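> Taken in order, these protein sequences are the chains called A and B.
What the first sequence shows, in our numbering, is residues 1 to 801, in sequence order.
What the second sequence shows, in our numbering, is residues 1 to 227, in sequence order.
The structure is given below, and queries will be raised subsequently.
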Amino acid sequence: MLSSYLTLALRNLLKNRLFSAINIFGLALSMSLGLFILLLIRDAYRYDTFHPDCERVYRINTEAIRKNGGSESYASSPFPVGAALSQGFSQVEESVRLVRHLNGETSGGGKILSVAGMFAEPSFFKIFGFSMLDGNAATALNEPFSIVLTEKSAGKFFPHESAVGKTLEINGYGAFKVTGVMAAFPGKTHLEFEVIASAASIPALEKSEALPKLSEDWNDYYGTYTYIRLRSGGSAQQTEAALAAISKTEYANRTLETRDAGYRFYLQPLDKITPGPMLGNSMGRGLPAMLLWFLSALGAVVMLSACFNYTNLTLARSLVRAREIGVRKVIGASRWQVAGQLLGEGVVTAMLSLGIGWLLMKLVQPAFNSLSFTQFMDVSVKEDGMTILWFVGFALAVGLIAGALPALAMSKISPSSVLRKLEGIRLFKRVGLRKTLLVTQFTVSLVFIIMVTVISKQIGHVMNMDYGFNTAQILNVQLQGQSPDKIIPILSVVPGVERISAASHNMGTYQDWSDDVRVSPEAEPEIVRDYFVDRNFAENMSLTFVAGENFPANAVKGRESFLVVNEKFVERFKLGSPAEAIGKQVLIGDSTRLTLTGVVKDFLFKPASYALEPMMLRNNPAQWHLLNVKIAAGDPTATIVALQRAWSQAVPERPMESEFYDQTIQAGYADMKDILAIIAVFGLLGIVIATLGLLGMATYTVETRAKEVSLRKVMGASVSDLVLLLSRKFLVLLAVAAVIAVPIGWFLGSMFLDQFAYHISLGIGVLLPGILLLFAIGGLTIGSQTMRAALANPIKSLRSE
Amino acid sequence: MIELKNIERYYPTGSLKTYVLRYVNAHIAEGEFVSIMGPSGSGKSTLLHILGMLDEPTDGEFWFLGEGVHKFNERRRTEMYREYIGFVFQAYHLIDDLTVYENLETPLLYKKVPSTERKSRIADLLDRFNMVAKKDLFPSQLSGGQQQLVGVARALIGRPKLILADEPTGNLQSPQAKEIMEVFKTLNREDGVTIVQVTHSEDNAKYGNRILHLKDGRVENEELVKH
Ligand SMILES: Nc1ncnc2c1ncn2[C@@H]1O[C@H](COP(=O)(O)OP(=O)(O)OP(=O)(O)O)[C@@H](O)[C@H]1O
Ligand SMILES: [Mg+2]
Numbered sequence: 001m002l003s004s005y006l007t008l009a010l011r012n013l014l015k016n017r018l019f020s021a022i023n024i025f026g027l028a029l030s031m032s033l034g035l036f037i038l039l040l041i042r043d044a045y046r047y048d049t050f051h052p053d054c055e056r057v058y059r060i061n062t063e064a065i066r067k068n069g070g071s072e073s074y075a076s077s078p079f080p081v082g083a084a085l086s087q088g089f090s091q092v093e094e095s096v097r098l099v100r101h102l103n104g105e106t107s108g109g110g111k112i113l114s115v116a117g118m119f120a121e122p123s124f125f126k127i128f129g130f131s132m133l134d135g136n137a138a139t140a141l142n143e144p145f146s147i148v149l150t151e152k153s154a155g156k157f158f159p160h161e162s163a164v165g166k167t168l169e170i171n172g173y174g175a176f177k178v179t180g181v182m183a184a185f186p187g188k189t190h191l192e193f194e195v196i197a198s199a200a201s202i203p204a205l206e207k208s209e210a211l212p213k214l215s216e217d218w219n220d221y222y223g224t225y226t227y228i229r230l231r232s233g234g235s236a237q238q239t240e241a242a243l244a245a246i247s248k249t250e251y252a253n254r255t256l257e258t259r260d261a262g263y264r265f266y267l268q269p270l271d272k273i274t275p276g277p278m279l280g281n282s283m284g285r286g287l288p289a290m291l292l293w294f295l296s297a298l299g300a301v302v303m304l305s306a307c308f309n310y311t312n313l314t315l316a317r318s319l320v321r322a323r324e325i326g327v328r329k330v331i332g333a334s335r336w337q338v339a340g341q342l343l344g345e346g347v348v349t350a351m352l353s354l355g356i357g358w359l360l361m362k363l364v365q366p367a368f369n370s371l372s373f374t375q376f377m378d379v380s381v382k383e384d385g386m387t388i389l390w391f392v393g394f395a396l397a398v399g400l401i402a403g404a405l406p407a408l409a410m411s412k413i414s415p416s417s418v419l420r421k422l423e424g425i426r427l428f429k430r431v432g433l434r435k436t437l438l439v440t441q442f443t444v445s446l447v448f449i450i451m452v453t454v455i456s457k458q459i460g461h462v463m464n465m466d467y468g469f470n471t472a473q474i475l476n477v478q479l480q481g482q483s484p485d486k487i488i489p490i491l492s493v494v495p496g497v498e499r500i501s502a503a504s505h506n507m508g509t510y511q512d513w514s515d516d517v518r519v520s521p522e523a524e525p526e527i528v529r530d531y532f533v534d535r536n537f538a539e540n541m542s543l544t545f546v547a548g549e550n551f552p553a554n555a556v557k558g559r560e561s562f563l564v565v566n567e568k569f570v571e572r573f574k575l576g577s578p579a580e581a582i583g584k585q586v587l588i589g590d591s592t593r594l595t596l597t598g599v600v601k602d603f604l605f606k607p608a609s610y611a612l613e614p615m616m617l618r619n620n621p622a623q624w625h626l627l628n629v630k631i632a633a634g635d636p637t638a639t640i641v642a643l644q645r646a647w648s649q650a651v652p653e654r655p656m657e658s659e660f661y662d663q664t665i666q667a668g669y670a671d672m673k674d675i676l677a678i679i680a681v682f683g684l685l686g687i688v689i690a691t692l693g694l695l696g697m698a699t700y701t702v703e704t705r706a707k708e709v710s711l712r713k714v715m716g717a718s719v720s721d722l723v724l725l726l727s728r729k730f731l732v733l734l735a736v737a738a739v740i741a742v743p744i745g746w747f748l749g750s751m752f753l754d755q756f757a758y759h760i761s762l763g764i765g766v767l768l769p770g771i772l773l774l775f776a777i778g779g780l781t782i783g784s785q786t787m788r789a790a791l792a793n794p795i796k797s798l799r800s801e
Numbered sequence: 001m002i003e004l005k006n007i008e009r010y011y012p013t014g015s016l017k018t019y020v021l022r023y024v025n026a027h028i029a030e031g032e033f034v035s036i037m038g039p040s041g042s043g044k045s046t047l048l049h050i051l052g053m054l055d056e057p058t059d060g061e062f063w064f065l066g067e068g069v070h071k072f073n074e075r076r077r078t079e080m081y082r083e084y085i086g087f088v089f090q091a092y093h094l095i096d097d098l099t100v101y102e103n104l105e106t107p108l109l110y111k112k113v114p115s116t117e118r119k120s121r122i123a124d125l126l127d128r129f130n131m132v133a134k135k136d137l138f139p140s141q142l143s144g145g146q147q148q149l150v151g152v153a154r155a156l157i158g159r160p161k162l163i164l165a166d167e168p169t170g171n172l173q174s175p176q177a178k179e180i181m182e183v184f185k186t187l188n189r190e191d192g193v194t195i196v197q198v199t200h201s202e203d204n205a206k207y208g209n210r211i212l213h214l215k216d217g218r219v220e221n222e223e224l225v226k227h
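Below is the structure:
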């Protein structure tokens, strides 16, 4: 039976080439993306599956409840929480704390490389499924200043010798003895480290101020990750209750961080971390679950649209097949056997599409890899036996979905259809359904077009937006730990350099520094963003002073004592007019008291998604990390080369790291460009598929009405009369699609734009191009078919009857 | 085998009922070969469709093998087609996309006949109708007479007890028509298959043992054929 369904399905496909081509091509196009998303999903779910008793391991996360009523969740937790839980609660079998503040220039084996790692307690190797290539996992992390390397980092420092027993000197932390080298990880993990140092080193490092004092600090919920394994039979719920009790007692009499009202600790299963919800301080470069959902949703929409084509075209042709189905029933086919055959045809079509879609996917993959987020992410799609099963299962599902409606509807055809003349019968009042599917496809397409327009216009807007500070001709040079006193004089004599200023971090990016600010000791502190800069900064960035002046020239020498703010700051802290604000005292944190020397005109110092807020420019050289080098107009290449030469003379061990300010700011919108690229691809597919469907329907309509068209022509109808006659219904459908899509696009578009404090306005100018495009594409498609019919020689189709 | 009691079939035309069949009573025993004759529009096809359960009487009773057909649901009707009833159509109604062999195989597939038996049954029939050489051709590659032979073979392949044929030779030249009629006769005589056919031809009708004359939807008279 199956093989007979198969041959029949294949013959059917061959017989109706146009319809088959439309179906297979559309399905293959959308499948190529679908398959790729499947690979991504499979890859995303391969994280952290190799740890022993993985299902009993959890991470303690912190939900910080803000005073303003909101809350934010962090992957990290205060250092003391782990110990407090283990002491008072018997269900914890094992726990480990990872402290993240280990990174710096590291020398060892005659090399200097920058290294990032964590401190961990010895139980690290009991909880996680890492094994040692060299060294003893049970003791490697026992002693202070021991360090364990990954196979990769051991290879970097000690390529030709055993690393164990050697010493690594980490700048700012001291010397660590290598006690082990880990074997290559057995699978993907969200944990990110190149080295693991013993947690026993922490007390000494806290004393030497290499680490903040976090081991006693219940308020620092940023620096530590706590993982626990419960005893078998342990309850996550009871553990969370125990954590709630701890939170209640510990925070009862403590002053919390300014913005916080309290903390809730909760457990996140180890194998649910990646993919998982977005968390502050999260480790791991797996695709966030949100993105997977977003891709899957878009993929499903496009996939369904391709299924609709199959459904639509098959239903449209049901008239032609009514007699065959009648015959089958009369010779003994049950309804389900007929339905099975029709479903089989859908599945065969889907399987053929799978083959082509798989090839197309191979073409899509490089494009995906070039998206900017994949550069950061750990995505390594692999195809193995399992994926082939997934693919086939996927195609099977697609075939069944596509074939379901036709199978249900057409298997109802009564055996007596065998008796009737074909033209005489109106089989289905299903025209409504077909129209609905077509309208849905075009609605989706138009929504895609609108979103693409909105996002690309917004990207253009933020790219060309005037932030109010100068970034032109500014090359940012990273200090890389070098003293600005040493570097600035060397670089400023390079020909072509106009001016150099120093700063802590870049404006116009997502980098954030902030401090608690009060204008009187009794007031509640407020958090204000700040930048640590030098005297040249204001001029370099073309900031204008509305009152007061820059830091005094000799200010750098002593301790930090001056402050420049923006107008918003003056407003927020009610300091009167800008001129009145000059000379006022501002308290920062607990101990720093600064005098306001100048007020600059408001400008946008954050990306377009941020509203304008108070800001401070502070004057503390200890915090400078980069130099803004203003280069004379003209070709900067020669100047950059000269700068690099000057740098490498002063700092031979490391190359200069620099980037133009404009590029830095634009890089902040890379996510948006990715989203645009993704939506554009899906949108394009959606349109192609919908257009194919429309082409099929138009062709079908024209074919079935060929005789009527001929008769009308013989009776004297003009070509344009006929084109209009045949096209009218389709044009109405397009119009309906537009009417539905515009509000949806409007809604989604405003939702997107609401993310930005500075955004384009959603008007006719944004919506109209999409609508026109839709009608142009649709009109051409319909027109091509109807014109053909209208121009055909009427005798032909009349005679063939 | 077949018992018709006061069968009525009308079509509503506006508020009026147009009767196509009225007061039709008939009894057809197993092993009979009955021909239905009558002028065009007299309701022959309608009657045959009712017998074939493709149409339902608006009134009256139809008993088939002792069961009331009005109680049949779709599944029971499918069973009838699989086990008891074979159709032969004037327009052949072979499945265009299937070869001769596959056309014959399809009813067996629906009946879930095992593959070896399928092969032997099809081989038998092809042999009997001298169609072995044509088994891989598609219907469009056959003459009308050959197509109708396949149509008859397909009706027979499920070994039905009753064959219903509506003008099976209506589209054929007389030599071909004769061939089909001979097949029917043999089937009836040797295999005991009950046959009901509609025909316009006196000659064809004479192959049967009884003729029902229909006029204006009523059985006008019955005639026994003397051989
Ligand atoms: N769907 C219908 N609606 C109304 N009247 C119908 C319908 N189908 C058939 N009839 C009428 O029923 C009558 C009998 O039709 P039927 O096909 O049974 O005649 P017939 O004896 O087979 O004629 P012929 O020899 O031409 O095949 C005809 O008058 C026909 O017009
Ligand atoms: Mg008739």
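The C-beta atom is built at its ideal place from N, Cα and C for all residues, glycine as well.
Remember, predicted model here, so these are calculated numbers, not experimental data.
Along chain B, in chain order, which residues have C-beta atoms closer than 9 Å to that of residue 779 of chain A?
Under the 9 Å cutoff, chain B gives no residues; its nearest Cβ is about 36 Å from residue 779 of chain A.
> For the pair the stretch 165 to 181 of chain A and the stretch 30 to 47 of chain A, tell me if three or more CB-CB distances fall below 8 Å.
Contact between the stretch 165 to 181 of chain A and the stretch 30 to 47 of chain A is absent, because fewer than three Cβ pairs lie under 8 Å.
> In or out: residue 641 of chain A buried (at least 16 other Cβ within 10 Å) or exposed?
Exposed, since its Cβ has fewer than 16 Cβ neighbours within 10 Å.
> Nearest-angstrom Cα distance between residue 685 of chain A and residue 176 of chain B?
Roughly 57 Å separates the two Cα atoms.
> With DSSP as the reference, please indicate the residues paired to residue 195 of chain B in a beta bridge.
DSSP output for residue 195 of chain B lists B:33, B:163 as bridge partner(s).
> Could you please give the first and the last residue of the uninterrupted beta strand (DSSP E) stretch that includes residue 812 of chain A?
Residue numbering for chain A in the displayed model covers 1 to 801; residue 812 of chain A lies beyond these limits and cannot be assessed.
> Short check: CB of residue 94 of chain B to CB of residue 103 of chain B, under 8 Å?
Cβ distance < 8 Å, so residue 94 of chain B and residue 103 of chain B count as in contact.
> Residue 165 of chain A by DSSP, collapsed to three states: which one?
Looking at residue 165 of chain A - three-state DSSP - the assignment turns out to be coil, as it is neither helix nor strand.
> Is residue 216 of chain B near ligand 2, judged by its Cβ being under 7 Å from some heavy atom?
Every heavy atom of ligand 2 is 7 Å or more from the Cβ of residue 216 of chain B, so no.
> Closer than 9 Å, Cβ to any Cβ of chain B: which residues of the stretch 309 to 333 of chain A, in chain order?
The stretch 309 to 333 of chain A vs chain B, Cβ under 9 Å: 323, 324, 326, 327, 328, 329, 330, 331, 332, 333.
> In angstroms with no decimal places, state the Cα-to-Cα distance between residue 487 of chain A and residue 551 of chain A.
Cα to Cα, the separation comes out at about 21 Å.
> Any residues in the stretch 25 to 50 of chain B with a beta carbon nearer than 9 Å to a beta carbon of chain A? Which ones, in chain order?
Listed in sequence order: 45, 49.
> In terms of alpha-carbon separation, which member of B:119, B:190, B:221, B:227 lies closest to residue 207 of chain B?
The candidate whose alpha carbon is nearest that of residue 207 of chain B is B:227.
> With contact counted as at least three CB pairs below 8 Å, one residue from each stretch, are the stretch 597 to 609 of chain A and the stretch 557 to 571 of chain A in contact?
Yes: the two stretches touch, three or more of their Cβ pairs being nearer than 8 Å.
> From residue 55 of chain A to residue 100 of chain A, what distance separates their C-alpha atoms?
Straight-line Cα distance between these residues: approximately 24 Å.
> Does residue 85 of chain B come out as helix, strand or coil in the three-state DSSP assignment?
Residue state, collapsed to three classes: strand.
> Would a C-beta distance cut-off of 8 Å place residue 612 of chain A and residue 568 of chain A closer than the cut-off?
Result yes, Cβ atoms of residue 612 of chain A and residue 568 of chain A sit closer than 8 Å.
> For residue 682 of chain A and residue 676 of chain A, I'd like the C-alpha separation in whole angstroms.
Residue 682 of chain A and residue 676 of chain A: Cα-Cα distance of roughly 10 Å.
> Below 7 Å CB to CB, which residues in the same chain sit around residue 158 of chain A once its five sequence neighbours on both sides are set aside?
Excluding residues within five positions, the ones whose Cβ falls inside 7 Å are 109, 166.
> Check whether the Cβ of residue 43 of chain B sits closer than 7 Å to any heavy atom of ligand 1, and report yes or no.
Yes - ligand 1 has a heavy atom lying nearer than 7 Å to the Cβ of residue 43 of chain B.
> Comparing the CB of residue 166 of chain B with every heavy atom of ligand 2, is any distance shorter than 7 Å?
Yes, ligand 2 has a heavy atom inside 7 Å of this Cβ.
> Only counting the same chain, and skipping five residues up and downstream in sequence, which positions put a Cβ closer than 7 Å to that of residue 781 of chain A?
If we look at residue 781 of chain A and ignore the five residues flanking it on each side, its Cβ neighbours are 691, 694, 695, 698.
> Against chain A, does residue 168 of chain B count as a neighbour if the rule is that its beta carbon must be under 8 Å from one of theirs?
No, its Cβ sits nowhere closer than 8 Å to a Cβ of chain A.
> Once the 5 residues before and after residue 510 of chain A are set aside, which same chain residues still bring their CB inside 7 Å of it?
So the qualifying residues of the chain are 607, 668.
> What I want to know is whether the C-beta of residue 169 of chain B ends up closer than 7 Å to one or more non-hydrogen atoms of ligand 1.
Not under cutoff, so the answer is no.
> Taking the C-alpha atoms as reference points, what is the distance between residue 411 of chain A and residue 143 of chain B?
C-alpha separation (whole angstroms): 31 Å.
> Which residue wins for smallest C-alpha separation from residue 658 of chain A, given the options A:670, A:672, A:671, A:639?
Checking every option, the nearest Cα to that of residue 658 of chain A belongs to A:639.
> Counting Cβ pairs closer than 8 Å, one from the stretch 122 to 139 of chain A and one from the stretch 208 to 226 of chain A, do we hit at least three?
The stretch 122 to 139 of chain A vs the stretch 208 to 226 of chain A: no contact.
> Is it the case that the CB of residue 701 of chain A approaches a heavy atom of ligand 1 more closely than 7 Å?
The answer is no for residue 701 of chain A.
> Considering only heavy atoms of ligand 2, does any lie closer than 7 Å to the CB of residue 198 of chain B?
Residue 198 of chain B Cβ: within cutoff of ligand 2.
> What I want to know is whether the C-beta of residue 81 of chain B ends up closer than 7 Å to one or more non-hydrogen atoms of ligand 1.
Flag unset: Cβ of residue 81 of chain B not near ligand 1.
> With contact counted as at least three CB pairs below 8 Å, one residue from each stretch, are the stretch 738 to 755 of chain A and the stretch 450 to 467 of chain A in contact?
A contact exists between the stretch 738 to 755 of chain A and the stretch 450 to 467 of chain A.
> Have a look at residue 42 of chain A and residue 437 of chain A and give me their C-alpha separation to the nearest angstrom.
So the two alpha carbons sit approximately 31 Å from each other.
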